[in-house]
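Participant:
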Amino acid sequence: MQVMEASILGVYLVAMIILGASFTRRAHSSESDYWTAGKSISTMVGAFALFAALASSSSLMGLLAQGSPWGFHFF
Numbered sequence: 005m006q007v008m009e010a011s012i013l014g015v016y017l018v019a020m021i022i023l024g025a026s027f028t029r030r031a032h033s034s035e036s037d038y039w040t041a042g043k044s045i046s047t048m049v050g051a052f053a054l055f056a057a058l059a060s061s062s063s064l065m066g067l068l069a070q071g072s073p074w075g076f077h078f079f
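Take the sequence shown: its position 37, counted from the start at 1, is 41 in this note's numbering, and no numbers get skipped.
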């Protein structure tokens with residue numbers, strides 16, 4: 005690894021640690037607030053987020069299964 009790449013990686017890791025520490029202080033104290041986003045999002049937004057996560061994962065797995073017989077193991 006070159007010096008420039010290592011320094012970029014180091015700066016990125018330090019920035020992520022600082023960002024995580026600052027958001028940890030702002031986070032609510034209970035686990036239920038974490039899972040429900042502090043009840044600050046609407047039902048519609050939560051439903052669309054859940055649908056997007058499920059559709060994304062199932063389409064990825066489906067593409068892998070359909071591409072395998074054709075020899076496309078990377079799809």
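Beta carbons: idealized from backbone N, C-alpha and C, even for Gly.
Taking the Cβ atom as the reference point for each residue, do Ala59 and Gly50 lie within a distance shorter than 9 Å?
Facilitator: It is not a contact, given that the beta carbons lie outside the stated cut-off.
Participant: Taking the alpha helix (DSSP H) that Ala2 belongs to, which residues open and close that run?
Facilitator: With the chain covering only 5 through 79, there is no way to say anything about residue 2.
Participant: Taking the alpha-carbon positions, what's the Glu9 to Ser46 distance?
Facilitator: Computed Cα separation, rounded: 42 Å.
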